[in-house]
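Chains as they are written, first to last, in my numbering: chain A, 81 to 264; chain B, 81 to 264. From the three backbone atoms N, C-alpha and C, an ideal C-beta is built for every residue, glycine too.
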DNA sequence: GTCTATATCAAGATAGAC
DNA sequence: GTCTATCTTGATATAGAC
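Shown next as structure tokens:
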């Protein structure tokens, strides 16, 4: 998906994610990004005024992407209590490559300036509130979102590695936490 | 606790953690660390041959610390099925300041070179295995550890902020996942 | 829109004095 | 064990040509 960006901007963002996933946040330099995007430093800086703008761009694109994926998934699911969680989990965890790309923007932004994470913060808070409005206990909602976040970040940092079968088992397990988590 | 290090080495490691927690991984420079530890760059480099050694030192100290905390907690708990999880959760999450210090070493190491995280990886794997040997389903064990990891990392990155009451509710919730998580 | 300079700066690391 | 140079590198960002 990310491989055939139609515009230069997306090509640069794709390249930036690649660098973080493959080499780590430390190596996210304008040089490396430009080389992978088939551009020069100057070319990159035309699209993103400075490195911070690039980081912001990475994060914003991912947030928007996850959000729209989640809504699309949600629309295709029946109106069971766990549909909201299922849509969220799938949007975030489906495909360990995409998942690492999501995490890459968070890690890179956090390393540069934790303040850049504000939009992500808001997104998570809103989603937890949505789950609680849907009848889930607040603690359970938080644990679900934290487990997803833990998996996203841990797999990028290679703190854990689960094979395909284990991964999908874990994803099912997270979704199943919805069932006995409603308020009485 | 960390505030009154008895030896220079620990004082430097404390300073390094402070920098990451307060300013972010990006600002973990020898200059900044030295200044906070009341030393010069040269003084720091006497104790840690290079920056990578400093990162390794941060991580190793935290791993050893958590491990010993967990064992101490474990020894003081009754032999119920959730004692192992309780000890793990408390060792990792008790005190949001300490928790941020744990995460700071992981984030800083990951930013520099993800390969540095090998010892942490091993630690987590062993602990999951221990839980599974204790009778927990593998997926449930993974979700518990992931939720803890998610909370640790998310709070350092300020992706979430929970007040004291919420936090302890969430911690209780994570521990409670042990109860209905055993193999039948 | 993209490239090639180039200026500027900050970081890690070394060597040697104290 | 700790400090003060100093060397070297590599990264951001600017300016101006194409």
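> chain A partners of residue 186 of chain B, CB-CB under 8 Å?
Replying inline: 237, 239
>> Just to make sure I have the definition right: I need the residues of chain B whose C-beta is within less than 7 Å of the C-beta of residue 95 of chain A. Which are they?
In response: Correct list: empty, because the minimum Cβ distance to chain B is about 19 Å.
> Would you call residue 258 of chain B buried or exposed, if buried means 16 or more other Cβ atoms sit within 10 Å of its Cβ?
Replying inline: buried
> Taking Cβ-Cβ distances shorter than 9 Å, what residues in chain A pair up with residue 150 of chain B?
Replying inline: Those do not exist, as residue 150 of chain B stays about 17 Å from chain A at its closest Cβ, beyond 9 Å.
> Counting along the chain, where does the alpha helix (DSSP H) carrying residue 111 of chain B start and finish?
Replying inline: 110-117
>> Between B:244, B:117, B:200, which has its C-alpha nearest residue 234 of chain A's C-alpha?
In response: B:200
> On the premise that residue 135 of chain B lies in contact with residue 180 of chain B, defined as a C-beta separation below 8 Å, what is that separation, rounded to the nearest angstrom?
Replying inline: Rounded, the Cβ-Cβ distance is 17 Å, inconsistent with contact.
> Where in the stretch 167-220 of chain B do unbroken runs of the alpha helix (DSSP H), each at least 4 residues long, occur, reported from the N-terminal end onward?
Replying inline: 176-192, 198-213
> In chain B, what lies closer than 9 Å to residue 230 of chain A by C-beta?
Replying inline: 223, 225, 226, 227, 228, 229, 230, 231, 232, 233, 234
>> DSSP three-state label for residue 263 of chain A, please.
In response: coil
>> Just to confirm before moving on: does the CB-CB distance between residue 221 of chain B and residue 231 of chain B stay below 8 Å?
In response: no
>> For the stretch 166-192 of chain A, list every residue whose C-beta sits within 8 Å of some C-beta in chain B, in sequence order.
In response: 186, 187, 190, 191, 192
> Nearest-angstrom Cα distance between residue 206 of chain A and residue 151 of chain A?
Replying inline: 14 Å
>> Please tell me whether residue 117 of chain B and residue 92 of chain B are closer than 8 Å, where the distance is taken between their beta carbons.
In response: yes
> Looking at C-alpha atoms only, which residue of A:106, A:218, A:96 is the closest neighbour of residue 263 of chain A?
Replying inline: A:218
> Does the beta carbon of residue 161 of chain A come closer than 8 Å to any beta carbon on chain B?
Replying inline: no
>> Rounded to the nearest angstrom, what separates residue 308 of chain B and residue 175 of chain B at their Cα positions?
In response: The structure shown has nothing for residue 308 of chain B, since chain B only spans 81 to 264.
> Between residue 162 of chain B and residue 154 of chain B, which are expected to be in contact by the criterion C-beta below 8 Å, what is the C-beta distance as a whole number of angstroms?
Replying inline: With a Cβ gap of about 11 Å, residue 162 of chain B and residue 154 of chain B do not count as contacting.
> How close, in whole Å, do the beta carbons of residue 100 of chain A and residue 188 of chain A come, if the pair is a contact with beta carbons under 8 Å?
Replying inline: 5 Å
>> Considering only their Cβ atoms, is the gap separating residue 114 of chain B from residue 121 of chain B smaller than 8 Å?
In response: yes
> residue 195 of chain A: buried (16+ other C-beta within 10 angstroms of its C-beta) or exposed?
Replying inline: exposed
>> Are the CB atoms of residue 127 of chain B and residue 178 of chain B within a distance shorter than 8 Å?
In response: no
> Using a Cβ-Cβ distance under 8 Å, would residue 197 of chain A count as near chain B?
Replying inline: yes
> Is residue 135 of chain B helix, strand or coil by DSSP?
Replying inline: helix
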